[in-house]
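Note sheet for the following structure.
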Amino acid sequence: MNASNTRQGWLVPALIGLLVFAVLPAGLAAFDRGYFYQVANVAMIFVLLSASMHLVTGVAGLLHLGHAAFYGVGAYTAALLATKAGLGFTWTLPLSGLVAALVAFLVALPTMRLVSIYFAVATLAIGQMLYLVMLNWVEFTKGPNGIIVSKGLELFGFSLSGRLATYYTVAAVVMLCVVAISRLSHSYYGNALRSIREDDQCADAMGVRTVRLKMEAFTLSAFFAGVAGSLWAHMTGYISPGDFKFSESILILAMVVVGGLGSLPGAVIGALLLILLPEGLRGMGDFRNIMVGMVMFLSILFLPKGLLGEVSALRLVRQQLGAAWRRTDNGIGIGWR
Amino acid sequence: MIDPYYLQQLAIGLSLGMTYALMAIGFTLIFGVLNVVNFAHGEIYTLGAFAGLVLITASAPPVAAVVFAALAIGALAGFSLERLAFKPFRRFTDEASLKSRAMRESTLLSSLAVSIVVREALEIVFGSEMRSVPFEYLINTPVRVGPVILVTGDFIIFGVSAAMLIGLQYLLTRTRIGLGIRAVSNNPLGAKYVGIDTDRTIIMTFVVGSMMGAAAGILVGLYYGAIFPAMGFVPGIKAFVAMVMGGLSSIPGAVICALILGVSESMATTFVSSGWSDMVAYGFLILTLIFFPNGLFGAGRERV
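Protein sequences appear in the order of chains Z and E. Heads up, the first sequence is in this note's numbering, so the first residue is 204 and it goes up one at a time. Heads up, the second sequence is in this note's numbering, so the first residue is 3 and it goes up one at a time.
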C-alpha cells in the first residue's frame, strides 16, 4: 500500500477554512455593521452547540432534552469566574468546559442506565433543575437579573475585543471544537457509539462497554456545550437564565434533527439554517419561533433522514474531510484513518 | 392536635395535586396505548382553556356550556393532533418498526414540534401575557371546613376528577371501545389480527384523552383565574412525573402520585421559597426513575 492509494481530501477542508477565516471576515469587514458580526458570532456558537448535541443525540442516540442547561452551566461558570475571581477568557474557556463536563458526569452517574424516553425525560428534568438553580439561587447567580460580564475576549493578556478579533476568536475556538467532534464521531470511537445507538444489548454482548461509552459521550458533549457557554458569556457581556431555558434545548435539538441525526455536516447546516433563517425573516417578527417549529415538523415528516442524512454525510466525510479509508491491495477500503 | 397551618397547607396541596391529576389522567391514557409520550398534551390543555375564555368573552354562557366548548375543542384538537403528528409515523405496521426506537422517538419529536407551533400561534393570536377570567366565572368562593378554608373550585375539581376516573374505568372495562383500547395497548399487532380497527382505536384514545386534557385546562383556568399560552408547560411536566411515578399504565396510580406531588410541593413552600417548589417534582422524577423503575403502582415494563 502506498501513499497514492490513501485518499486524503484537502480541497474541502481548505475551502471551509478559507470561507470561515478569509471570505466571511472580509465580507463582515466590508459591511462593518455590529449586527452582522453579532449574527455571525451567534451562528458560530450555535454551530458548536449543535455539533456537541450531534455527538450525544445523533451519534450515541441518547435523546437529550436538557442540553441548554449545560451550555448555561458553562456560561455561568465563565461569568462568575470573570466577575468574582477576576479571571480572563484564557482561563474561563477551559474551566467552564470542565465544570460543565463535571456536572454532566455527576448527572450521568445515576441516569445513564435509563433507556430511550426515560433518559430523555431524566435529561429534561435535570435541565429544568439546573435552570431553576440559575433562576432562584439569587445570592450566587443573581437570579433573573442576570450577570454583566465586563471582561471581553482576550488570550494570554492580548485583548481580542474588537469586532473582527472577536469574530476570529469565536470562529477559531468553534472550528477547533468542531474538528475535535469530527474526529470523535468519524472514527472507531464514533462507530462504537453508533453501535450503541443501533442496538445496545448487541453492542454490549460484543464487548462494547456501553454504559461507560454513553457516559463519555454525554460528558464530552457537555464539555463542548460549556465551551460554547463561555464564548457566549464573554461575547455578549450579559447572561441571564432566559438564555438557557427549555426552548433553547429544543432549538438545538431541532438543529440536529433538521440537519440529520448522526450527521455532523448536517448538524452544522441545521444550526446555520435555524439561526440565519429567522434573522433573514426578521421582518416577520413574532413568527420566528413558529418557523422553528414548522421547519422541525416538516423535516421530520418529509425528510426523516434530515437535510444531509447520516449515510451521505459519512461518505462525504470519508472522501473529502481527510477521514478517508485506506485501500488494501485488492482495492477494498477498510476502516477509518 | 395538628397545627391548623399544616392542615391548610395539606388542603392546598391536595387541591394542587388534584389539578395535576386532572391532566395526568388523559396523559396516561394516551401513553398507555401508544407507548409514546405526547408532548403536545400541555397545549391541548391550553387550547381548552382558551376555548373557554373566548366563549366567555364572546357571550356570557353558563359554566357548563364553557366546559362543553372546551371538551369539543379538546376532541377536535386530539383528532387533528393524532392525524398530524402520530398517524404519518405509523406507515409501517410490521413488528420490527412497531418496536423500533427511531419510530417512537420521531413521534416524540413531531408532537414536540406541533406543541411549539400551537403555543407560538396562541401567543401571536392572544399575546403572551396572562388573560384574566371575568370575576363571576371564577370558582373560588371560600368554604370553611373545620379549621381549614377551601374554595368551591376544590370540590368541583375533586368531583370532576373522580367522575373522570370512574367514567374512564367504566369505559375501559365495560364498553367495546374501551376493550379495543386495552387490546391495542396490550399488543397492537395482536389486536389487529383479531379484527380490531387499531387506527380508529388510537384516534378514539386521543379524542378521549384530549377531551380530558382540555377540560382540565378550562377548570384550572377558572380556578386560578389566569389563562396564558405557556400555561400548559409546567402542569404537563407535573402530569408526566405523576405518570412515571404511578407506573405509566396505571391511571389510579398516576392520580395518587399527582396528589402526593401536590402535597409535597405545598409542604415544600413552608420551608423554601416558592420558586424552588418545582424542584420537588423534578427530584421525584429522577428518584423514581432511579430507585423505582417500575413506578410505585405499575407492572413491569422495560426501561433500564
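Backbone N, C-alpha and C fix where the C-beta goes; we use that ideal spot for every residue, glycine too.
8 Å Cβ cutoff, residue i in contact with chain Z
i                      : result
residue 108 of chain E : yes
residue 280 of chain E : yes
residue 237 of chain E : no
residue 90 of chain E  : yes
residue 7 of chain E   : no
residue 221 of chain E : no
residue 115 of chain E : yes
residue 27 of chain E  : no
residue 112 of chain E : yes
residue 122 of chain E : yes
residue 135 of chain E : no
Same chain only: Cβ atoms within 7 Å of residue i, ignoring 5 sequence neighbours per side
i                      : result
residue 351 of chain Z : 440 and 441
residue 287 of chain E : 243 and 246
residue 186 of chain E : 35, 193, 198, 200, 203 and 204
residue 322 of chain Z : 265, 266 and 314
residue 239 of chain Z : 231
residue 231 of chain E : 48, 121, 124, 125, 128 and 130
residue 11 of chain E  : 268, 269 and 272
residue 5 of chain E   : none
residue 416 of chain Z : 395, 396 and 399
Residue-level contact to chain E via CB, residue i, 8 Å cutoff
i                      : result
residue 321 of chain Z : yes
residue 348 of chain Z : no
residue 462 of chain Z : no
residue 313 of chain Z : yes
residue 328 of chain Z : yes
residue 381 of chain Z : no
residue 453 of chain Z : yes
residue 500 of chain Z : yes
residue 495 of chain Z : yes
residue 399 of chain Z : no
residue 252 of chain Z : no
residue 324 of chain Z : yes
residue 481 of chain Z : no
residue 472 of chain Z : no
residue 244 of chain Z : no
residue 332 of chain Z : yes
residue 335 of chain Z : yes
residue 507 of chain Z : yes
residue 396 of chain Z : no
residue 504 of chain Z : yes
6 Å Cβ shell around residue i - same chain, five flanking residues per side excluded
i                      : result
residue 141 of chain E : 154, 155, 158, 224 and 225
residue 182 of chain E : 198 and 203
residue 435 of chain Z : 248 and 278
residue 211 of chain E : 28, 31 and 32
residue 474 of chain Z : 249, 250, 253 and 458
residue 151 of chain E : 144
8 Å Cβ shell around residue i - same chain, five flanking residues per side excluded
i                      : result
residue 502 of chain Z : 460, 461, 509 and 510
residue 513 of chain Z : 261, 463, 464, 465, 466 and 469
residue 282 of chain E : 263, 266, 267 and 270
residue 257 of chain E : 23, 26, 27, 163, 167, 244 and 248
residue 482 of chain Z : 242
residue 300 of chain Z : 277, 426, 427, 429, 430 and 433
Exercise for the section: Kindly confirm or deny that the stretch 450–467 of chain Z and the stretch 74–86 of chain E touch, where touching means at least three C-beta pairs closer than 8 Å. Expected result: In short, these stretches do not touch, since the Cβ pair count stays below three.
Handout entry: Uninterrupted alpha helix (DSSP H) stretches inside the stretch 308–338 of chain Z (no shorter than 4 residues)
Key = none
Practice task
Could you list the residues in the stretch 239–269 of chain E with a C-beta less than 9 Å from some C-beta on chain Z, going in chain order?
Solution key: Against chain Z - using a Cβ distance shorter than 9 Å - the residues of the stretch 239–269 of chain E are 239, 242, 243 and 246.
Exercise for the section: Decide yes or no for the touch test of the stretch 226–234 of chain Z against the stretch 385–400 of chain Z: beta carbon pairs closer than 8 Å, at least 3 of them. Expected result: Result no; under three Cβ-Cβ pairs closer than 8 Å.
Handout entry: Length at least 4, wholly inside the stretch 162–199 of chain E: the alpha helix (DSSP H) runs in chain order
Key = 178–188 and 190–195
Handout entry: At least three beta-carbon pairs within less than 8 Å, the stretch 217–226 of chain E to the stretch 113–123 of chain E
Key = no
Exercise for the section: Note down, one range per segment and in chain order, each alpha helix (DSSP H) of at least 4 residues found wholly within the stretch 408–473 of chain Z. Expected result: 413–439 and 449–462
Handout entry: contact_flag[the stretch 276–291 of chain E, the stretch 52–67 of chain E] where n(CB pairs < 8 Å) is 3 or more
Key = no
Exercise for the section: Output the residue ranges of the beta strand (DSSP E) runs that lie fully inside the stretch 34–113 of chain E and measure 3 residues or longer, sorted by chain position. Expected result: none
Problem - Residues of the stretch 21–45 of chain E whose Cβ lies closer than 7 Å to any Cβ of chain Z, in chain order - result: 39
Handout entry: Stretch-stretch touch, CB-based, cutoff 8 Å, three pairs: the stretch 306–324 of chain Z with the stretch 418–432 of chain Z
Key = yes
Exercise for the section: Pull out every residue of the stretch 183–205 of chain E whose Cβ sits closer than 9 Å to any Cβ of chain Z, in chain order. Expected result: none
Handout entry: Entirely enclosed alpha helix (DSSP H) segments - the stretch 246–298 of chain E, minimum 4 residues
Key = 253–273 and 280–293
Problem - Touching by the beta-carbon criterion (3+ pairs, under 8 Å), the stretch 267–286 of chain Z and the stretch 442–449 of chain Z - result: yes
Exercise for the section: Would you check if the stretch 230–243 of chain Z and the stretch 280–298 of chain Z touch, i.e. whether three or more CB-CB distances between them fall below 8 Å? Expected result: no
Practice task
Anything in the stretch 65–83 of chain E with a Cβ closer than 9 Å to a Cβ of chain Z? List those residues in chain order, please.
Solution key: none
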